[in-house]
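Residue numbers (my numbering), protein chains in the order written: chain B, 1 to 136; chain Y, 1001 to 1136; chain H, 2001 to 2136.
Backbone N, C-alpha and C fix where the C-beta goes; we use that ideal spot for every residue, glycine too.
All of these numbers come straight from a predicted model, not from anything done at the bench.
Encoded as structure tokens, the structure appears first; notes follow it.
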Amino acid sequence: MKSKTEYLKFRTAKRIEFVNITREVEKVVRESGVKEGLALVNPMHITAAVIVNDEEGGLKRDYARVLEGLVPYGGEYEHNVGEDNAAAHIWRQLMGHQVVLPVTKGELDFGPWEQVFYCEFDGQREKRVLVKVIGE
Amino acid sequence: MKSKTEYLKFRTAKRIEFVNITREVEKVVRESGVKEGLALVNPMHITAAVIVNDEEGGLKRDYARVLEGLVPYGGEYEHNVGEDNAAAHIWRQLMGHQVVLPVTKGELDFGPWEQVFYCEFDGQREKRVLVKVIGE
Amino acid sequence: MKSKTEYLKFRTAKRIEFVNITREVEKVVRESGVKEGLALVNPMHITAAVIVNDEEGGLKRDYARVLEGLVPYGGEYEHNVGEDNAAAHIWRQLMGHQVVLPVTKGELDFGPWEQVFYCEFDGQREKRVLVKVIGE
């Protein structure tokens, strides 16, 4: 069995941002030498998510607007004592916080529109995303 | 390490549909020869989800009604320029878009009610679901 | 390849409860002998979830209040014929029902605040959570 672990670093300019990280994940997969296996892409922080969806600017704004409608960032939360990011913790859960990606013949085994995104919900400070590839 | 990858094909009659695929996934697990490992079940399209829940018709209608209440299909979305499926992209995230299933002694290691479903949110055209089993 | 499977048992005092299981998962990882790999933590029941988030009491109450606001437990559901737990089935999906955890150098490869929680949404009866570690 082979494995490789990398930590991608992010510091977004805005508090809420959707960053396409497909290229970075593909690079780790290639460097791992794994031909058949799985790649876990997991934010190491609890106010962020990693998802697979479409590279389309309108959709990213739709996510943010829908999440704000369901769980308003400025709402009242018990967590927000000396904090103001309770909504970010909950958004991460609603969006599905991590992904496991298939690796086939040494590449991400994706459909035509699948892209990987780092979803920052409380940014403007350094965060990490772990990419771990295992297989043979 | 052993691995096996299969692509299940779907073309649902309705735009929104919940299809039980437990048998199909079990078949891939058996054919893989993996006794101890993991099975990733991942839609290769970004307006669909794979979930584990209960085989019960009322619950499936409840999912659709709840999702429509939270993120109306016919609502206003920036993504819907020449498209009308923004809600399907978002429903997929709310439902949790993929699953990783445990394989123990050559079988899906499930509790009494766990069943696997392909959740189509923008159907009536061909879609694929990847099943990848790795282990020993 | 090495693997180890354990079944954690729960019977919560309350119907809705968030139980920190990080220690129990770490124990299985250590006992597995896996140095580099993945750990799947998966509830074997369909009215529960496993998530990674913050150990903070206010946030747990926020989850419950937000979920109740989005999908009221006492609402009307087709599933609730002889049952009353449709909302629990749906909450599990919204929260993301399972997690896959990275194992590096024999330990959970976590950021500073990541903790694992069993989220019971229909408790007061025995439930199980599967922990499966694979790797080398």
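Item to check | Cβ neighbours of V2131 (chain H) in the same chain (closer than 6 Å, five flanking residues each side left out) | outcome: Locating residue 2131 (chain H) in the third sequence gives position 131, where the first residue counts as 1. These residues qualify, in order along the chain: E2006, V2025, V2028 and V2041.
Checklist entry - Leaving out the 5 sequence neighbours to the left and right, which residues in its chain are closer than 7 Å to G96 (chain B) when beta-carbon positions are compared? => result For the purposes of this step, residue 96 (chain B) is taken as residue 96 along the first sequence, with counting starting at 1. Non-local C-beta neighbours of G96 (chain B) in its own chain, meaning closer than 7 Å and more than five positions away in sequence, comprise A49 and I51, ordered along the chain.
Item to check | Contacts of V2100 (chain H) in chain B (Cβ-Cβ under 8 Å) | outcome: As a position in the third sequence, residue 2100 (chain H) is number 100, starting the count at 1. Those within 8 Å of V2100 (chain H) in chain B are L40, N42, Q98 and V100.
Checklist entry - CA-CA distance, G2135 (chain H) and V2099 (chain H)? => result The sequence position of residue 2135 (chain H) within the third sequence is 135, counting from 1. The sequence position of residue 2099 (chain H) within the third sequence is 99, counting from 1. Cα to Cα, the separation comes out at about 16 Å.
Checklist entry - Does the ligand PLP have even one heavy atom less than 7 Å from the beta-carbon of D1054 (chain Y)? => result Absent from the structure shown: the ligand PLP. Ligands present: none.
Checklist entry - From what residue to what residue does the alpha helix (DSSP H) around T1012 (chain Y) run? => result On the second sequence, position 12 is the one that residue 1012 (chain Y) refers to. First-last for T1012 (chain Y): undefined, no H or E at that position.
Checklist entry - Can you list the residues of chain D that W2113 (chain H) reaches, using a CB-CB cut of under 8 Å? => result This model lacks chain D altogether; the protein chains it does include are B, Y and H.
Checklist entry - Quick one, which residues of the stretch 1044 to 1075 of chain Y are near chain H if we go by CB-CB under 7 Å, in chain order? => result Within the stretch 1044 to 1075 of chain Y, the qualifying residues are I1051, V1052, N1053, D1054, E1056, G1058, L1059, R1061, D1062, Y1063, V1066 and L1070.
Next on the checklist: Using a Cβ-Cβ distance cut-off of 8 Å, determine whether L1094 (chain Y) contacts chain H.
Outcome noted: As a working note, residue 1094 (chain Y) is residue 94 in the second sequence. Chain H has a Cβ within less than 8 Å of the Cβ of L1094 (chain Y).
Item to check | Neighbouring residues, chain H, relative to L130 (chain B) (Cβ below 7 Å) | outcome: As a first step, residue 130 (chain B) is located in the first sequence; it is residue number 130 there, counting from the start. Within chain H, the residues near L130 (chain B) are P2102 and D2109.
Item to check | chain Y contact residues for S2003 (chain H), given Cβ-Cβ distances below 8 Å | outcome: As a working note, residue 2003 (chain H) is residue 3 in the third sequence. Within chain Y, E1036, G1037, G1135 and E1136 have C-beta atoms less than 8 Å from the C-beta of S2003 (chain H), given in sequence order.
Next on the checklist: Quick check on Q2124 (chain H): buried or exposed, where buried means 16 or more other Cβ atoms within 10 Å of its Cβ?
Outcome noted: Numbered from 1 along the third sequence, position 124 holds the residue referred to as residue 2124 (chain H). It is exposed - the Cβ of Q2124 (chain H) has fewer than 16 other Cβ atoms within 10 Å.
Checklist entry - Taking one C-beta from the stretch 2013 to 2022 of chain H and one from the stretch 2109 to 2128 of chain H each time, how about it: are there three or more such pairs within less than 8 Å? => result Counting C-beta pairs closer than 8 Å gives three or more between the stretch 2013 to 2022 of chain H and the stretch 2109 to 2128 of chain H, which meets the contact rule.
Item to check | Simplified DSSP state of E1120 (chain Y), which is helix, strand or coil | outcome: Looking up residue 1120 (chain Y) in the second sequence gives position 120. Under the three-state reduction of DSSP, E1120 (chain Y) is assigned to strand.
Item to check | Endpoints, the alpha helix (DSSP H) within which V1100 (chain Y) is located | outcome: Translated into positions along the second sequence, residue 1100 (chain Y) becomes position 100. Looking at the DSSP string, V1100 (chain Y) is not in any alpha helix (DSSP H); the run it does join, the beta strand (DSSP E), is V1099 to T1104.
Checklist entry - Who are the Cβ neighbours of L8 (chain B) in its own chain at under 6 Å, not counting the five residues just before and after it? => result By one-based count along the first sequence, residue 8 (chain B) stands at place 8. Non-local beta-carbon contacts of L8 (chain B) in its own chain, meaning distances under 6 Å to residues more than five positions away in sequence, involve E24 and V129 in chain order.
Checklist entry - Under three-state DSSP, which class holds Y2007 (chain H)? => result What you label residue 2007 (chain H) is simply residue 7 of the third sequence in a count that begins at 1. If DSSP states are grouped into helix, strand and coil, Y2007 (chain H) belongs with the strands.
Next on the checklist: Alpha carbons only, please: which of B:Y63, B:E78, B:L38 and B:L70 is nearest the one belonging to A1087 (chain Y)?
Outcome noted: For this step, residue 1087 (chain Y) is matched to residue 87 along the second sequence. Ranking the options by Cα distance to A1087 (chain Y), first place goes to B:Y63.
Checklist entry - For chain Y, is any of its Cβ atoms less than 8 Å away from the one on E2126 (chain H)? => result Residue mapping note: residue 2126 (chain H) aligns to position 126 of the third sequence, counting from 1. Any Cβ of chain Y closer than 8 Å to the Cβ of E2126 (chain H) would place that residue at the interface, and such an atom is absent.
Checklist entry - For Q93 (chain B), which residues does DSSP report across the bridge? => result Here residue 93 (chain B) corresponds to residue number 93 of the first sequence, with the count starting at 1. Q93 (chain B) pairs with nothing; no bridge assigned.
Checklist entry - Can you give the Cα-Cα distance for M2001 (chain H) and W1113 (chain Y), rounded to whole angstroms? => result In the third sequence, residue 2001 (chain H) corresponds to position 1, counting from 1. In the second sequence, residue 1113 (chain Y) corresponds to position 113, counting from 1. Straight-line Cα distance between these residues: approximately 30 Å.
Next on the checklist: Using 8 Å for Cβ pairs, my map puts T1047 (chain Y) next to N1080 (chain Y). What's the rounded Cβ distance?
Outcome noted: Locating residue 1047 (chain Y) in the second sequence gives position 47, counting from the first residue. Locating residue 1080 (chain Y) in the second sequence gives position 80, counting from the first residue. Between T1047 (chain Y) and N1080 (chain Y) a beta carbon distance of about 12 Å is seen, past the 8 Å cut, so the two are scored as non-contacting.
Checklist entry - From the DSSP output, which residues share a beta bridge with R128 (chain B)? => result Here residue 128 (chain B) refers to the residue found at position 128 of the first sequence. Beta-bridge pairing links R128 (chain B) to B:K9.
Next on the checklist: Please return the same chain residues whose Cβ sits closer than 7 Å to the Cβ of E1036 (chain Y), not counting the five positions on each side in sequence.
Outcome noted: Position 36 of the second sequence holds residue 1036 (chain Y). Shown here for E1036 (chain Y): same chain residues with a beta carbon closer than 7 Å to its own, the five before and five after excluded, namely V1103, T1104, G1135 and E1136 in chain order.
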